[in-house]
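To start, the structure itself, in structure tokens.
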Amino acid sequence: MNDLETTLDKYMDDTYKEMEAITDNESLKMLRDMALGAILYCFKAGIIAESDKCTLIDKINLEYGIKWQYLLKEKALGSSH
Numbered sequence: 139m140n141d142l143e144t145t146l147d148k149y150m151d152d153t154y155k156e157m158e159a160i161t162d163n164e165s166l167k168m169l170r171d172m173a174l175g176a177i178l179y180c181f182k183a184g185i186i187a188e189s190d191k192c193t194l195i196d197k198i199n200l201e202y203g204i205k206w207q208y209l210l211k212e213k214a215l216g217s218s219h
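197 is the number that the numbering used here gives to position 59 of the sequence shown; each next residue is one higher, with no gaps.
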């Protein structure tokens, strides 16, 4: 693994940690969009292979979906009180 791949891995780890702390859907979407941009940039620059790109995109979308559903449930519970 080269330094650029290590940097991307750290960025993605930080992104997942930030996703855990986010409390609104707009911020969550913005964070996911930034991560997707970083992944696509790294792919186009030849830093990661297409298989790695697909894996990273699948993972960020999965984490986004899980958190998005959680936020919707929290919002629904909050509005019912």
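Cβ coordinates follow ideal geometry from the N, Cα and C atoms, glycine included. Here the structure is a predicted model, which means the values were calculated and not measured.
Taking DSSP as the reference, what is the three-state secondary structure of residue i?
i, result
"T161", "coil"
"I186", "coil"
"N199", "helix"
Looking at residue j and residue i, is the spacing between their C-beta atoms short of 9 Å?
i, j, result
"I177", "K155", "no"
"L174", "M157", "no"
"K205", "L166", "yes"
For residue i, which of the options has the nearest alpha-carbon?
i, options, result
"N140", "E201, D171, A187, K197", "A187"
"Y149", "G184, I198, N163", "I198"
If you draw a straight line from the alpha carbon of residue i to that of residue j, how long is it in whole angstroms?
i, j, result
"S201", "Y179", "A quick correction: the sequence has Glu, not Ser, at residue 201. Going by the C-alpha atoms only, they are around 20 Å apart."
"I160", "T145", "22 Å"
"I185", "I195", "15 Å"
"L209", "N163", "7 Å"
"K211", "G203", "12 Å"
"A183", "G216", "44 Å"
"E143", "Q207", "30 Å"
"T193", "M172", "16 Å"
Mind checking if residue i is an interface residue toward chain C, Cβ cutoff 9 Å exclusive?
i, result
"K167", "In the structure shown, chain C does not exist; there is a single protein chain."
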